[in-house]
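See structure below.
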Amino acid sequence: MKAAVMTAPGGPEVLQVQQWPMPILQHDRQLRVRIKAAGINPIDTKLRQRGTFYPDQMPAILGCDGAGIVETVGSAVERYRPGDGVYFCQGGLGSAAGNYGEYIVVDERFVAPKPSSISFVAAAAAPLVLITAWEALYDRGRLQAGQRVLIHAGAGGVGHVAIQLAKLQGAAVCTTVGSLDKADFVRQLGADHTILYKQTDLVPAVLDWTQGDGVDLAFDTVGGTTLMQTFPAVKLYGDVVTILEPAATTHWQVARSHNLRISLEMMLTPMLQGLIAEQQAQAKILEQCARLIDQGDLKIQVGQTFPLAEVGAAHRLLETGATKGKIVLNLDD
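Per full-length UniProt numbering: the sequence shown = residues 1 to 333.
As C-alpha coordinates, then:
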(Lines of atoms letter the chains of each structure in order from A; the text may use other names.)
(Lines give C-alpha, C1' and ligand atoms only; values in the text may rest on other atoms or scores of the structure.)
Protein backbone atom coordinates (compact mmCIF):
# COMPACT_ATOMS: atom_id res chain seq x y z
CA MET A 1 0.00 0.00 0.00
CA LYS A 2 0.99 3.66 -0.31
CA ALA A 3 1.60 5.67 2.84
CA ALA A 4 3.12 9.01 3.82
CA VAL A 5 5.99 7.87 6.03
CA MET A 6 7.81 10.05 8.54
CA THR A 7 11.46 9.18 8.07
CA ALA A 8 12.89 11.41 10.82
CA PRO A 9 11.85 14.43 12.91
CA GLY A 10 11.94 17.68 10.98
CA GLY A 11 10.08 19.81 8.49
CA PRO A 12 7.25 18.73 6.19
CA GLU A 13 9.79 17.30 3.77
CA VAL A 14 10.40 14.33 6.12
CA LEU A 15 6.96 12.99 5.10
CA GLN A 16 7.69 10.78 2.11
CA VAL A 17 5.04 8.83 0.18
CA GLN A 18 6.31 5.30 -0.37
CA GLN A 19 5.24 1.68 -0.47
CA TRP A 20 4.50 0.21 2.96
CA PRO A 21 3.57 -3.33 4.01
CA MET A 22 -0.13 -4.07 4.11
CA PRO A 23 -1.25 -4.21 7.80
CA ILE A 24 -2.55 -7.55 9.02
CA LEU A 25 -4.96 -8.38 11.84
CA GLN A 26 -3.16 -9.07 15.13
CA HIS A 27 -6.17 -10.28 17.13
CA ASP A 28 -9.71 -11.41 16.51
CA ARG A 29 -11.51 -8.15 17.41
CA GLN A 30 -9.67 -6.07 14.85
CA LEU A 31 -10.83 -4.61 11.55
CA ARG A 32 -8.79 -3.74 8.51
CA VAL A 33 -10.12 -0.49 7.11
CA ARG A 34 -9.48 0.97 3.69
CA ILE A 35 -8.83 4.62 4.46
CA LYS A 36 -10.83 7.06 2.35
CA ALA A 37 -9.67 10.20 4.15
CA ALA A 38 -7.42 11.22 7.06
CA GLY A 39 -7.75 14.32 9.20
CA ILE A 40 -4.71 16.44 9.97
CA ASN A 41 -4.33 17.82 13.49
CA PRO A 42 -1.79 20.00 15.32
CA ILE A 43 -0.54 16.90 17.16
CA ASP A 44 0.58 15.55 13.78
CA THR A 45 2.76 18.58 13.05
CA LYS A 46 4.18 18.56 16.58
CA LEU A 47 5.14 14.89 16.36
CA ARG A 48 6.65 15.48 12.95
CA GLN A 49 8.74 18.36 14.29
CA ARG A 50 9.99 16.87 17.56
CA GLY A 51 9.59 13.13 17.07
CA THR A 52 6.84 10.70 18.03
CA PHE A 53 6.04 9.40 21.50
CA TYR A 54 7.99 6.25 20.57
CA PRO A 55 11.25 7.46 18.93
CA ASP A 56 12.73 3.97 18.91
CA GLN A 57 9.98 2.82 16.54
CA MET A 58 10.87 4.69 13.38
CA PRO A 59 9.95 5.27 10.61
CA ALA A 60 6.34 6.06 11.47
CA ILE A 61 3.00 6.78 9.83
CA LEU A 62 1.26 9.76 11.41
CA GLY A 63 -2.43 10.64 11.48
CA CYS A 64 -4.82 9.97 14.37
CA ASP A 65 -8.05 10.70 12.51
CA GLY A 66 -9.42 8.38 9.88
CA ALA A 67 -12.58 7.42 8.01
CA GLY A 68 -12.99 4.54 5.66
CA ILE A 69 -14.62 1.26 4.70
CA VAL A 70 -14.23 -1.99 6.62
CA GLU A 71 -12.54 -4.52 4.36
CA THR A 72 -11.65 -7.46 6.64
CA VAL A 73 -12.94 -8.45 10.09
CA GLY A 74 -11.52 -10.69 12.80
CA SER A 75 -13.33 -13.84 13.89
CA ALA A 76 -14.70 -12.27 17.10
CA VAL A 77 -15.85 -8.97 15.58
CA GLU A 78 -19.50 -8.39 16.50
CA ARG A 79 -20.61 -4.99 15.22
CA TYR A 80 -19.07 -4.52 11.80
CA ARG A 81 -19.03 -6.26 8.47
CA PRO A 82 -17.07 -5.70 5.26
CA GLY A 83 -18.46 -2.65 3.49
CA ASP A 84 -19.40 -0.72 6.63
CA GLY A 85 -18.28 2.90 6.87
CA VAL A 86 -16.48 3.85 10.09
CA TYR A 87 -14.64 6.79 11.62
CA PHE A 88 -12.24 6.92 14.55
CA CYS A 89 -9.24 8.46 16.28
CA GLN A 90 -6.67 5.67 16.48
CA GLY A 91 -2.97 5.22 15.75
CA GLY A 92 -0.54 7.80 14.47
CA LEU A 93 1.40 8.42 17.69
CA GLY A 94 4.43 6.34 16.81
CA SER A 95 3.71 2.87 18.18
CA ALA A 96 0.93 1.90 15.76
CA ALA A 97 0.64 3.05 12.18
CA GLY A 98 -1.67 6.01 11.63
CA ASN A 99 -4.05 7.05 8.92
CA TYR A 100 -1.71 8.67 6.38
CA GLY A 101 -1.93 5.50 4.34
CA GLU A 102 -4.32 3.39 2.30
CA TYR A 103 -5.11 0.84 5.06
CA ILE A 104 -5.10 0.61 8.84
CA VAL A 105 -5.91 -2.08 11.40
CA VAL A 106 -8.04 -0.96 14.38
CA ASP A 107 -9.93 -2.58 17.24
CA GLU A 108 -13.68 -2.63 16.61
CA ARG A 109 -14.30 -1.37 20.15
CA PHE A 110 -12.57 1.92 19.36
CA VAL A 111 -14.39 2.92 16.17
CA ALA A 112 -17.87 4.25 15.46
CA PRO A 113 -20.20 4.02 12.47
CA LYS A 114 -19.55 6.89 10.09
CA PRO A 115 -22.31 9.53 10.03
CA SER A 116 -24.37 8.63 6.98
CA SER A 117 -25.17 12.20 5.99
CA ILE A 118 -21.61 13.43 5.42
CA SER A 119 -18.70 12.48 3.19
CA PHE A 120 -15.70 10.43 4.26
CA VAL A 121 -13.64 13.62 4.04
CA ALA A 122 -15.89 15.40 6.54
CA ALA A 123 -16.00 12.32 8.78
CA ALA A 124 -12.20 12.10 8.84
CA ALA A 125 -12.04 15.73 9.97
CA ALA A 126 -14.16 15.04 13.01
CA PRO A 127 -13.00 12.46 15.61
CA LEU A 128 -10.17 14.16 17.51
CA VAL A 129 -11.89 17.55 17.66
CA LEU A 130 -15.25 16.06 18.61
CA ILE A 131 -13.81 14.04 21.48
CA THR A 132 -11.60 16.92 22.64
CA ALA A 133 -14.42 19.47 22.71
CA TRP A 134 -16.90 17.01 24.26
CA GLU A 135 -14.55 15.99 27.07
CA ALA A 136 -13.38 19.57 27.69
CA LEU A 137 -16.84 21.12 27.91
CA TYR A 138 -18.98 18.32 29.30
CA ASP A 139 -16.57 16.24 31.39
CA ARG A 140 -13.87 18.69 32.56
CA GLY A 141 -15.86 21.92 32.44
CA ARG A 142 -19.19 20.44 33.58
CA LEU A 143 -21.00 22.90 31.33
CA GLN A 144 -24.66 23.43 32.19
CA ALA A 145 -27.61 25.04 30.46
CA GLY A 146 -27.78 28.78 31.04
CA GLN A 147 -24.06 29.19 31.69
CA ARG A 148 -21.79 31.51 29.74
CA VAL A 149 -18.67 30.12 28.10
CA LEU A 150 -15.64 31.69 26.41
CA ILE A 151 -14.13 29.58 23.62
CA HIS A 152 -10.80 30.67 22.21
CA ALA A 153 -10.15 30.35 18.45
CA GLY A 154 -13.75 29.53 17.62
CA ALA A 155 -13.08 29.20 13.89
CA GLY A 156 -10.46 26.48 14.42
CA GLY A 157 -10.83 22.72 14.35
CA VAL A 158 -11.67 22.23 18.03
CA GLY A 159 -13.22 25.66 18.44
CA HIS A 160 -15.88 25.40 15.73
CA VAL A 161 -17.10 22.10 17.19
CA ALA A 162 -16.95 23.42 20.76
CA ILE A 163 -19.24 26.33 19.87
CA GLN A 164 -21.89 23.94 18.60
CA LEU A 165 -21.62 21.54 21.52
CA ALA A 166 -21.91 24.42 23.98
CA LYS A 167 -25.03 25.72 22.23
CA LEU A 168 -26.53 22.22 22.22
CA GLN A 169 -26.04 22.21 26.00
CA GLY A 170 -28.00 25.46 26.27
CA ALA A 171 -25.03 27.74 27.03
CA ALA A 172 -24.35 31.26 25.75
CA VAL A 173 -21.10 31.42 23.78
CA CYS A 174 -18.48 34.13 23.38
CA THR A 175 -15.53 33.33 21.14
CA THR A 176 -12.31 34.90 19.93
CA VAL A 177 -11.50 35.09 16.21
CA GLY A 178 -8.83 36.72 14.07
CA SER A 179 -10.87 38.26 11.25
CA LEU A 180 -14.29 39.53 10.26
CA ASP A 181 -14.68 36.56 7.93
CA LYS A 182 -14.11 34.18 10.82
CA ALA A 183 -16.51 36.20 12.96
CA ASP A 184 -19.23 35.66 10.37
CA PHE A 185 -18.40 31.97 10.26
CA VAL A 186 -18.70 31.41 14.02
CA ARG A 187 -21.93 33.37 14.22
CA GLN A 188 -23.38 30.97 11.68
CA LEU A 189 -22.43 28.16 14.07
CA GLY A 190 -24.36 29.81 16.88
CA ALA A 191 -21.82 32.04 18.68
CA ASP A 192 -23.62 34.80 20.59
CA HIS A 193 -20.68 37.20 20.80
CA THR A 194 -17.37 37.49 18.95
CA ILE A 195 -14.14 39.20 19.97
CA LEU A 196 -11.58 40.20 17.34
CA TYR A 197 -8.60 39.44 19.55
CA LYS A 198 -6.06 41.28 17.37
CA GLN A 199 -7.76 44.62 17.97
CA THR A 200 -9.83 44.16 21.14
CA ASP A 201 -8.69 43.72 24.74
CA LEU A 202 -10.04 40.34 25.81
CA VAL A 203 -10.88 40.85 29.47
CA PRO A 204 -12.87 44.12 29.22
CA ALA A 205 -14.79 42.69 26.26
CA VAL A 206 -15.74 39.54 28.17
CA LEU A 207 -16.62 41.44 31.33
CA ASP A 208 -18.79 43.82 29.30
CA TRP A 209 -20.60 40.85 27.72
CA THR A 210 -21.21 39.28 31.15
CA GLN A 211 -22.20 42.53 32.90
CA GLY A 212 -19.00 42.42 34.92
CA ASP A 213 -19.38 38.87 36.23
CA GLY A 214 -17.03 36.92 33.97
CA VAL A 215 -17.81 33.66 32.20
CA ASP A 216 -18.66 30.44 34.00
CA LEU A 217 -16.24 28.47 31.83
CA ALA A 218 -13.30 29.41 29.61
CA PHE A 219 -11.95 26.92 27.08
CA ASP A 220 -8.37 27.56 25.93
CA THR A 221 -7.48 25.95 22.60
CA VAL A 222 -4.53 28.27 21.89
CA GLY A 223 -2.00 27.91 24.72
CA GLY A 224 0.97 30.14 25.42
CA THR A 225 0.04 33.35 27.22
CA THR A 226 -3.65 32.95 26.34
CA LEU A 227 -4.33 30.79 29.39
CA MET A 228 -2.98 33.33 31.87
CA GLN A 229 -4.63 36.25 30.08
CA THR A 230 -7.98 34.49 30.38
CA PHE A 231 -8.04 34.13 34.18
CA PRO A 232 -9.45 37.63 34.90
CA ALA A 233 -12.30 37.00 32.42
CA VAL A 234 -13.64 34.04 34.46
CA LYS A 235 -16.03 34.53 37.35
CA LEU A 236 -15.14 33.66 40.92
CA TYR A 237 -15.19 29.89 41.43
CA GLY A 238 -15.41 29.41 37.66
CA ASP A 239 -13.79 26.81 35.44
CA VAL A 240 -10.91 26.97 32.98
CA VAL A 241 -10.08 24.08 30.66
CA THR A 242 -7.00 24.04 28.45
CA ILE A 243 -5.85 21.53 25.86
CA LEU A 244 -2.27 22.81 25.97
CA GLU A 245 0.41 22.38 28.62
CA PRO A 246 0.54 25.58 30.70
CA ALA A 247 3.66 27.62 30.00
CA ALA A 248 6.37 27.69 32.66
CA THR A 249 5.94 31.47 32.79
CA THR A 250 2.25 31.24 33.71
CA HIS A 251 1.37 33.36 36.74
CA TRP A 252 -1.34 31.72 38.80
CA GLN A 253 -2.13 34.51 41.26
CA VAL A 254 -5.38 35.62 39.60
CA ALA A 255 -6.54 32.03 39.15
CA ARG A 256 -5.85 31.35 42.82
CA SER A 257 -7.48 34.53 44.10
CA HIS A 258 -10.56 33.80 41.95
CA ASN A 259 -10.61 30.22 43.25
CA LEU A 260 -10.75 28.92 39.70
CA ARG A 261 -10.88 25.23 38.94
CA ILE A 262 -8.21 24.47 36.32
CA SER A 263 -8.59 21.35 34.20
CA LEU A 264 -6.30 19.82 31.60
CA GLU A 265 -7.76 17.99 28.61
CA MET A 266 -5.72 15.55 26.55
CA MET A 267 -7.93 13.20 24.58
CA LEU A 268 -4.93 11.09 23.55
CA THR A 269 -4.37 9.79 27.10
CA PRO A 270 -6.49 6.62 26.69
CA MET A 271 -4.60 5.64 23.55
CA LEU A 272 -1.18 6.48 25.03
CA GLN A 273 -1.91 4.61 28.26
CA GLY A 274 -3.70 1.66 26.68
CA LEU A 275 -6.92 2.31 28.61
CA ILE A 276 -9.56 0.04 27.07
CA ALA A 277 -12.66 1.36 28.83
CA GLU A 278 -11.74 4.97 28.17
CA GLN A 279 -11.14 4.32 24.48
CA GLN A 280 -14.52 2.62 24.30
CA ALA A 281 -16.07 5.66 25.99
CA GLN A 282 -14.54 7.90 23.34
CA ALA A 283 -16.03 5.71 20.62
CA LYS A 284 -19.40 6.21 22.32
CA ILE A 285 -18.87 9.97 22.09
CA LEU A 286 -18.36 9.56 18.35
CA GLU A 287 -21.57 7.54 18.11
CA GLN A 288 -23.51 10.29 19.89
CA CYS A 289 -21.94 12.94 17.69
CA ALA A 290 -22.80 10.92 14.57
CA ARG A 291 -26.44 11.08 15.59
CA LEU A 292 -26.19 14.84 16.09
CA ILE A 293 -24.55 15.22 12.68
CA ASP A 294 -27.18 13.12 10.94
CA GLN A 295 -29.93 15.12 12.69
CA GLY A 296 -28.41 18.32 11.33
CA ASP A 297 -27.53 19.61 14.79
CA LEU A 298 -23.74 19.45 14.39
CA LYS A 299 -21.65 20.49 11.40
CA ILE A 300 -18.04 19.71 10.53
CA GLN A 301 -16.16 22.39 8.60
CA VAL A 302 -13.48 21.21 6.18
CA GLY A 303 -11.25 24.11 5.25
CA GLN A 304 -9.16 22.44 2.55
CA THR A 305 -8.28 18.99 1.23
CA PHE A 306 -5.04 17.61 -0.18
CA PRO A 307 -4.12 14.34 -1.89
CA LEU A 308 -1.78 12.01 -0.03
CA ALA A 309 1.13 13.08 -2.25
CA GLU A 310 0.79 16.66 -0.95
CA VAL A 311 0.80 15.85 2.76
CA GLY A 312 3.77 18.18 3.27
CA ALA A 313 1.81 21.11 1.85
CA ALA A 314 -1.09 20.23 4.15
CA HIS A 315 1.22 20.39 7.16
CA ARG A 316 2.60 23.74 6.04
CA LEU A 317 -0.88 25.19 5.72
CA LEU A 318 -1.94 23.94 9.16
CA GLU A 319 1.14 25.53 10.70
CA THR A 320 0.13 28.97 9.38
CA GLY A 321 -2.96 28.92 11.62
CA ALA A 322 -4.92 30.63 8.86
CA THR A 323 -7.57 28.00 8.14
CA LYS A 324 -11.21 27.70 9.12
CA GLY A 325 -12.17 24.25 10.30
CA LYS A 326 -10.05 21.23 9.44
CA ILE A 327 -7.53 20.15 6.81
CA VAL A 328 -8.01 16.64 5.40
CA LEU A 329 -6.08 14.24 3.20
CA ASN A 330 -8.40 12.77 0.57
CA LEU A 331 -6.96 9.40 -0.34
CA ASP A 332 -9.38 9.08 -3.26
CA ASP A 333 -7.66 12.01 -5.02
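Heads up, the beta-carbon is just placed ideally off N, CA and C, and yes, glycines get one too.
| Asked | Found |
| --- | --- |
| Three-state secondary structure (DSSP) of Leu331 | coil |
| Limits of the unbroken alpha helix (DSSP H) element including Ala160 | Checking the displayed sequence, the identity of residue 160 turns out to be His instead of Ala. His160 -> alpha helix (DSSP H) spans 157-168. |
| Assigned exposure category for residue 345 - 16 Cβ within 10 Å defines buried | Residue numbering for the chain in the displayed model covers 1 to 333; residue 345 lies beyond these limits and cannot be assessed. |
| Residue interval of the beta strand (DSSP E) (run including Ser263) | 261-264 |
| Inter-residue CB distance, Ala133 and Ala162 (contact presumed, cutoff 8 Å) | 4 Å |
| Gly98 versus Ser257 - alpha carbon distance | 44 Å |
| Rounded separation between Ser116 and Arg81 - CA only | 16 Å |
| Of the residues Phe120, Ser119, Ile118, Ala112, the one placed nearest Ile131, counting alpha carbons only | Ala112 |
| Residue ranges of each alpha helix (DSSP H) within the region 222-284, 4 or longer | 226-230, 253-257, 269-273 |
| Top-ranked residue by Cα proximity to Gly146, from Lys2, Ala283, Leu217 | Leu217 |
| Top-ranked residue by Cα proximity to Glu102, from Leu93, Arg316, Val70, Gly159 | Val70 |
| Nearest candidate by alpha-carbon position, reference Arg29, set Phe185, His251, Thr269, Arg79 | Arg79 |
| Nonlocal neighbours in the same chain, by C-beta distance under 8 Å from Met266, ignoring five residues either side | Ile243 |
| Residue interval of the alpha helix (DSSP H) (run including Val206) | 202-209 |
| Gln18 versus Leu318 - alpha carbon distance | 23 Å |
| Any 3 or more C-beta pairs closer than 8 Å across the region 204-224 and the region 150-170 | yes |
| Meets three-Cβ-pair contact criterion under 8 Å: the region 299-315 and the region 272-286 | no |
| Terminal residues of the alpha helix (DSSP H) in which Val129 lies | 127-134 |
| CA-to-CA distance, Pro246 to Val5, given in whole angstroms | 31 Å |
| Other residues of its chain near Leu165: CB distance less than 7 Å, five sequence neighbours each side excluded | Ala133, Trp134, Leu137 |
| Complete runs of the beta strand (DSSP E) confined to the region 35-90 [at least 3 residues] | 65-73, 85-89 |
| DSSP-derived helix/strand/coil call for Thr320 | helix |
| Residue burial classification, Tyr237 (beta-carbon count within 10 angstroms, cutoff 16) | exposed |
| Within 9 Å, strictly: CB atoms of Thr323 and Gly156 | yes |
| Same chain, Cβ closer than 7 Å to Pro23, neighbours up to 5 away in sequence not counted | Arg32, Ala97, Tyr103, Ile104, Val105 |
| Of the listed residues Gln90, Ser119, Tyr100, nearest to Asp107 (C-alpha basis) | Gln90 |
| Classification of Gly296 by the beta-carbon crowding that lies within 10 angstroms, buried from 16 upward | exposed |
| Start and end residues, alpha helix (DSSP H) containing Val186 | 180-188 |
| Bridge partner(s) assigned by DSSP for Lys299 | Answer by DSSP bridge pairing: none, since Lys299 is not bridged. |
| Expected contact under 8 Å - CB spacing of Leu329 and Ala37 to nearest Å | 6 Å |
| For residue 334: DSSP bridge partner residues | Shown here, the chain extends from 1 to 333; a query on residue 334 therefore has no answer. |
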